[in-house]
Amino acid sequence: MARSPRPGHPFFAGAPQLIAHRGGSGLAPENTMAAFRCAVDEWDADMLEMDVRLTADGRVVVIHDETVDRTTDGTGRIRDMTWAEARELDAGFHFPDPNGGAPWRGRGARLPLFEEVLEAFPEMRIIVEPKAPETAGPLVRIIRAAGAERRVLVGAEFEGTRVG
């Protein structure tokens with residue numbers, strides 16, 4: 005039996021909400037600070053949605069794919085890279101414009117840490133999906149350390165895994 009959202013819970017406003025999937029990924033490279041800023045400033049988004057994964061040194065990075073190949077100028081799995089390596093990647097490298105150009109290439113779009121997104125958008129509600137079970141614990145620790153428990157919703161698909 006489905007449960008209704010708790011009345012008065014601050015995450016739910018009781019009205020339709022605009023949720024920016026992977027940030028404003030139609031306007032700027034997905035899951036980047038530029039995309040999140042576009043979603044807030046240009047779309048007036050009510051919530052930001054993003055995916056997170058761990059680096060080799062345990063940092064929680066905002067990225068959807070297991071590899072960096074599709075969205076950056078790098079190759080390989082994010083879990084095999086350190087944060088120092090991942091932060092140097094150009095996350096705008098493959099972002100196209102309608103004419104087939106690459107307007108974000110070389111413009112400083114980077115993969116952000118989840119904690120950076122929390123800090124940059126302190127009033128935004130966030131939906132975050134840890135893409136692997138080992139990401140859940142560090143993610144929850146970051147949310148708690150930031151005092152963001154009432155504005156972050158964690159959605160995960162891990163069978164038999166408890167988050168938090």
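Residue 5 is where the sequence shown starts when you use this note's numbering, and the numbers rise one by one after that. In this text, a Cβ means the ideal position worked out from N, Cα and C, and glycines have one as well. Remember, predicted model here, so these are calculated numbers, not experimental data.
*Compute the distance between the beta-carbons of Ala160 and Glu133, then report whether it is under 8 Å.*
The residue given as residue 160 occupies position 156 in the sequence shown. The residue given as residue 133 occupies position 129 in the sequence shown. It is a contact, given that the beta carbons lie within the stated cut-off.
*Would you call the region 140–149 and the region 65–84 touching, i.e. three or more CB-CB distances under 8 Å?*
no
*Is it true that the CB of Gly96 sits closer than 8 Å to the CB of Arg81?*
Numbered from its first residue, the sequence shown carries residue 81 at position 77. Numbered from its first residue, the sequence shown carries residue 96 at position 92. Contact: no.
*Looking only at its own chain, which residues have a Cβ that is under 8 Å from the Cβ of Glu138, when we skip the five neighbours before and after it?*
Here residue 138 refers to the residue found at position 134 of the sequence shown. Cβ neighbours of Glu138 beyond the five flanking positions: Leu58.
*Tell me, to the nearest whole angstrom, how far the beta carbon of Trp87 is from that of Arg63; I am working on the premise that it is less than 8 Å.*
For this step, residue 87 is matched to residue 83 along the sequence shown. For this step, residue 63 is matched to residue 59 along the sequence shown. Sure, about 4 Å apart at Cβ, within 8 Å.
*Measure the C-alpha to C-alpha separation of Asp101 and Val44 and round it to an integer number of angstroms.*
Here residue 101 refers to the residue found at position 97 of the sequence shown. Here residue 44 refers to the residue found at position 40 of the sequence shown. So the alpha carbons of these two residues sit roughly 21 Å apart.
*Separation of Gly78 from Gly27, as counted between CA atoms*: Position 23 of the sequence shown, counted from the first residue, corresponds to residue 27. Position 74 of the sequence shown, counted from the first residue, corresponds to residue 78. Taking the straight line joining both Cα atoms gives about 21 Å.
*Using only alpha-carbon positions, find the residue among Arg114, Leu157 and Ala60 that is nearest to Leu93.*
For the purposes of this step, residue 93 is taken as residue 89 along the sequence shown, with counting starting at 1. Nearest C-alpha to Leu93: Arg114.
*Out of Val65, Gly104, His98 and Phe99, which has the shortest C-alpha to C-alpha gap to Met85?*
As a first step, residue 85 is located in the sequence shown; it is residue number 81 there, counting from the start. Selected option, being the one with the closest Cα: Val65.
*Under three-state DSSP, which class holds Leu22?*
Numbered from its first residue, the sequence shown carries residue 22 at position 18. Coil.
_Once the 5 residues before and after Ile130 are set aside, which same chain residues still bring their CB inside 8 Å of it?_
Taking the first residue of the sequence shown as 1, we reach residue 130 at position 126. Same-chain partners within the cutoff: Met51, Leu52, Glu53, Met54, Val121, Leu122, Ala152, Arg155, Val156 and Leu157.
*Taking C-beta to C-beta, are Leu22 and Asp48 nearer than 8 Å?*
Mapped onto the sequence shown, residue 22 falls at position 18. Mapped onto the sequence shown, residue 48 falls at position 44. The answer is yes: Cβ separation under 8 Å.
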